[in-house]
Amino acid sequence: MSSLVFLVPLALLLGGAALLAFLWSLRGGQYEDLDGAAERILLDHEDDGIAAHDREAGALPGQSEPHNSNAKGRR
């Protein structure tokens with residue numbers, strides 16, 4: 001019985017802290033776009049590091065010209 005004197009206020013404090021954390025996350029906009037990340041991964045964007053015309057030419061990401069084994073400077 002003496003442990004309830006300690007545990008009940010502790011449970012109320014922890015519940016209040018959880019409620020404050022939830023309200024803080026609501027105010028911060030954490031629940032504004034719940035489906036955005038899930039849908040973003042499914043959408044096909046052209047700007048994914050390699051443009052479509054570079055993909056056909058065989059260019060690597062970050063190169064302005066297609067990758068070629070007979071490039072100038074190689075002997």
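In terms of full-length UniProt numbering, the sequence shown is residues 1 to 75. Glycine residues also receive a C-beta, built at the ideal position from the N, C-alpha and C atoms. Note that this is a predicted model, so its numbers are computed, not measured.
How long is the line joining the alpha carbons of residue 6 and residue 41, rounded to whole angstroms?
-> 48 Å
Return the CA-CA distance between residue 4 and residue 15, expressed in angstroms with no decimal places.
-> 16 Å
When the Cα atoms are used, what is the spatial distance from residue 36 to residue 17?
-> 29 Å
DSSP state of residue 39 mapped onto helix, strand, coil | helix
Residue-level contact to chain B via CB, residue 22, 8 Å cutoff | Included in the structure is just one protein chain, with no chain B present.
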